[in-house]
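Q: Take the sequence shown: its position 312, counting from 1, is numbered 312 in the UniProt record's numbering, and each next residue is one higher.
Every residue, glycine too, gets a C-beta built ideally from N, C-alpha and C.
Shown below is the structure under consideration.
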Amino acid sequence: MRHVIALDVGGTGMKAALVGADGTVLHEARRPTGRERGPEAVVAAILDFAEALRAHGRAAYGEPAAAAGVAVPGVVDETTGTAVYAANLGWRDIPLRALLAERLAGGPGDTAGRPFPVALGHDVRTGGLAEGRLGAGRGADRFLFLGLGTGIAGAIGIDGRIEAGAHGCAGEIGHIVVRPGGPACGCGGAGCLETLASAAAVSRAWAAACGDPSADAAGCARAVAAGDERARAVWRDAVGALTDGLVTGITLLDPRLVIVGGGLAEAGDTLFVPLRAAVRDRLTFQQEPHIVPAALGDTAGCLGAGLLAWDLLSAEVTA
């Protein structure tokens, strides 16, 4: 059975699948990244995992995987296949596509000397690709995907593809400055959207407001629903910042649809009702997009990595 390797690398764990040509997930697996041992250990863990997945596919389906798609966090140069930088993994300028192609080349069932096809993508853009083709954005010609997790990042969907930008940084809406002079950001700026409206930012603000260091964004959302005024103040600030960043994105991109995923989106109507109302109030000449929750959850990155691999094979056939 023809299949590809799909691998989604996160800060602490990796999700993987073998995916058939029709999108069927044939096999799933998870492993830790081992980041506590340093960036070299993370790279080794990725290579080992990919090799194990290929061996499983060969044993289970009678042939090796046809290609691999890998999604990683941070700055990614998809043209050269380089993982440029990821703060949470500690790496810089890793030629990950070349390393994977070398590790996965050869073996029973392969054509001698054939380079193994590998596609490397940014984790949020890859998740956006899956949401656009398989999830909440299916059929939309233009959409903006927003991931509200530890940080905030976006993906710009246009006619079934995701825009990477000239330097691999398209969609980094989390680093729009919405509060000049605000909290320091890991990017070196201050007042960036992700310092105020990410799940991590809400967790910090709610922990400070309620005096419980273990409090998190999910707890804040529950307290909002229960009518806690301290939680409502934290939530209003976060939604206000998110609205400012989102209106900027809408003005620049004119999307038909905004898809919101990540941990903060799990708050459901507690997030979406005030966010939709705030965006509506802020828009002037702009057309209001539909703002909807993501549909694929934490499987989006892995499914998107599979799509990257199949797209790569389709491009090779066309060429």
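State the CB to CB distance for the pair V279 and L246, rounded to an integer number of angstroms; the pair is presumed to be in contact (CB under 8 angstroms).
A: 6 angstroms
Q: Considering only DSSP beta bridges, list what residue 331 is partnered with.
A: As displayed, the chain neither begins before 1 nor continues past 319, which places residue 331 out of reach and without an answer.
Q: Across which residues does DSSP place V260 in a beta bridge pair?
A: L146, P293
Q: Taking all protein chains shown into account, do 16 or more other C-beta atoms lie within 10 angstroms of the C-beta of P115, making it buried, or fewer, making it exposed?
A: exposed
Q: When you compare only the Cα positions, how much space is there between G301 and F285?
A: Spanning the two alpha carbons is a distance of roughly 34 angstroms.
Q: Determine the burial state of A17: buried for a count of at least 16 other Cβ atoms within 10 Å of its Cβ, exposed for fewer.
A: buried
Q: Whether or not the segment 255-263 and the segment 134-152 are in contact is what I'm after, with contact meaning three or more pairs of Cβ atoms, one per stretch, closer than 8 angstroms; do they touch?
A: yes
Q: CB of A278 to nearest heavy atom of the ligand HEM: below 6 angstroms?
A: Judged by which ligands are present, the structure shown has none, so any question about the ligand HEM falls away.
Q: Thinking A66 and V4 are a contact (beta carbons under 8 angstroms), I'd like their distance in whole angstroms, please.
A: 6 angstroms
Q: Taking all protein chains shown into account, do 16 or more other C-beta atoms lie within 10 angstroms of the C-beta of G121, making it buried, or fewer, making it exposed?
A: Taking every protein chain shown into account, the CB of G121 has 16 or more other CB atoms within 10 angstroms, so this residue is buried.
Q: Quick check for students: name the residue ranges of the beta strand (DSSP E) that lie wholly in the segment 8-41, counting only runs of 3 or more.
A: 13-20, 25-32
Q: On a CA-only basis, which of R276, G139, G127, H167 is nearest A155? Give me that one, please.
A: G127
Q: Can you give me the C-alpha to C-alpha distance between A197 and E63, rounded to a whole angstrom?
A: 46 angstroms
Q: Quick one: using the 10 Å Cβ neighbour count with 16 as the cut-off for buried, is P73 buried or exposed?
A: buried
Q: Grab me the residues of P32's own chain with a C-beta within less than 7 angstroms of its C-beta, minus the 5 sequence neighbours each way, in chain order.
A: Taken in chain order, the residues that qualify are T12, G13.
Q: Suppose the cutoff is 6 angstroms on Cβ atoms and the five residues either side in sequence are ignored; what does the same chain contact list for R97 look like?
A: G81, V118, L120
Q: Alpha carbons only, please: which of A226, T243, A221 is nearest the one belonging to V234?
A: When the alpha-carbon of V234 is set against those of A226, T243, A221, the nearest one is in A221.
Q: Suppose the cutoff is 6 angstroms on Cβ atoms and the five residues either side in sequence are ignored; what does the same chain contact list for A205 look like?
A: These residues qualify, in order along the chain: V234.
Q: Whole angstroms is fine: what's the gap from Q287's alpha carbon to D141's?
A: Distance between Q287 and D141, taken at the CA atoms: about 15 angstroms.
Q: Can E168 and D77 be called in contact, C-beta distance under 7 angstroms?
A: Looking at the sequence itself, residue 168 is Gly, so the reference to Glu does not match. Yes. Within cutoff.
Q: Considering only DSSP beta bridges, list what Y85 is partnered with.
A: V75, R92
Q: Assuming the contact rule is C-beta atoms closer than 8 angstroms, A50 and L100 should be a hit. Round their C-beta distance to whole Å, please.
A: 6 angstroms
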